[in-house]
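Novice: Take the sequence shown: its letter number 185 is residue 176 in this note's numbering, and every next letter is one higher.
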Amino acid sequence: MTAVHHDPVTTTDFEAIAAAVERTTDALQLEYIDGKLGFKTVPDGDHNRIINWLLLLLMPLAPGLFLHQGQGLKINGYRDSRARPDGVVAPLDAFVGHGEWAPSRDTVMTVEVTSHDSDTNKRDRVEKPTAYAEAGIPLYLLVDRDTAEIVLYSEPNDGRYQEIRRYAFGRAVPLPDPIGITADTTPLLDWVD
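1. When the distance is taken between beta carbons, is I41 closer than 8 Å to V104?
2. Pick helix, strand or coil for P147, following the three-state DSSP scheme.
3. How about R156 and L143: are their beta carbons less than 8 Å apart?
4. Would you say H38 faces chain B, with C-beta separation under 8 Å as the test?
5. So the alpha helix (DSSP H) K113 belongs to, where does it begin and stop?
6. Can we say the stretch 43 to 63 touches the stretch 169 to 182, given the rule of at least three CB pairs closer than 8 Å?
7. Count the other CB atoms, across all protein chains shown, that sit within 10 Å of the CB of K113; report buried if there are 16 or more and exposed otherwise.
8. Would A93 pass as a contact of G127 if the rule is Cβ separation under 8 Å?
9. Taking the continuous alpha helix (DSSP H) assigned at P120, which residues delimit it?
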């Protein structure tokens, strides 16, 4: 018989569980959003290519900022959450000395690319925008491969993004300051299933 534990998982418990899982498998990454334990599967090749497209786009156009991959963030809001965005745009040295879960205070933009798993809708389209807005992260960029569009969330206020704009792949996407560039999303049309 398996013992069942009904008490809520604390962030300290979560960090210990996540570290143990990471030591035993490369197939999953754990997250703790709004008091709920969740997981992300290993990204596929198109997913990785989209992140690299954004990295190459930002490097020459947004000096002083860098797209960090794999950095866990402490998302403080209603509940202490731990998120592992696909990308975090922040100054190059923003996370030096912070370890696996860094404060989100220097984060300019979080980036998520939808995956082909059953949890994508709830995680990337519902929970993450709320968590990132509550943390005051200025921009959340969702590359939604299911709908072939970019969804740009901006102007966080009272735990919600006040501005949400959708752009079909192939359109130009203006990324407001502090990034201050326009992204040509035409290449994304090649990386959608």
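Glycine included, each C-beta is placed from N, C-alpha and C at the ideal position.
Specialist: Reading off the structure:
1. As a working note, residue 104 is residue 113 in the sequence shown. As a working note, residue 41 is residue 50 in the sequence shown. Yes.
2. As a working mapping, residue 147 is identified with position 156 in the sequence shown. Of the three classes helix, strand and coil, the one that applies to P147 here is strand, per DSSP.
3. Counting from 1 along the sequence shown, the entry for residue 156 is found at position 165. Counting from 1 along the sequence shown, the entry for residue 143 is found at position 152. Yes, they are a contact pair.
4. Checking the listed chains, one finds no chain B in this structure; it contains a single protein chain.
5. Within the sequence shown, residue 113 is the residue found at index 122, counting from 1. Run containing K113: none; DSSP gives neither H nor E here.
6. yes
7. In the sequence shown, counting from the first residue as 1, residue 113 sits at position 122. Exposed, since its Cβ has fewer than 16 Cβ neighbours within 10 Å.
8. Within the sequence shown, the letter at position 102 stands for residue 93. Within the sequence shown, the letter at position 136 stands for residue 127. It is not a contact, given that the beta carbons lie outside the stated cut-off.
9. The residue you call residue 120 lines up with position 129 of the sequence shown. Unbroken alpha helix (DSSP H) run through P120: K119 to E125.
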